Amino acid sequence: MKYVFYLIAILAIASIVFNVFKLDFDHFFQGESQIAAISILAALCVVLLMGIMIISKAIANKYDDR
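At position 44 of the sequence shown (counting the first as 1) the number is 757 in my numbering, and the numbers step up by one without a gap.
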């Protein structure tokens, strides 16, 4: 299960990198650039959530070992 969390986080980072190249800084909130900005924000949320899940699993494993 731990590897699934890492895989999802890596895919989210790849999505961030992909969408950064689609950004148009002259027209940031118009057309495809708006969709890319929203996608980057969503992928950052996914990375944060996967980090929380990995840390919570590590804590749960520590308490299970006792």
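Cβ coordinates follow ideal geometry from the N, Cα and C atoms, glycine included. Predicted model, so just to flag it, every value in this text is computed and none were measured.
{"Asked": "Cβ neighbour criterion (16 or more within 10 Å) applied to I753", "Found": "buried"}
{"Asked": "Selected residue, minimal CA-CA separation from V717, among R779, I767, N774, D778", "Found": "I767"}
{"Asked": "Contact belief for A750 with L736 at Cβ below 8 Å, rounded distance in angstroms", "Found": "7 Å"}
{"Asked": "L736 in three-state terms, based on DSSP", "Found": "coil"}
{"Asked": "Residue range of the unbroken alpha helix (DSSP H) whose run includes F764", "Found": "The sequence as given places Gly at residue 764; Phe does not occur at that position. 745 to 777 is the extent of the alpha helix (DSSP H) around G764."}
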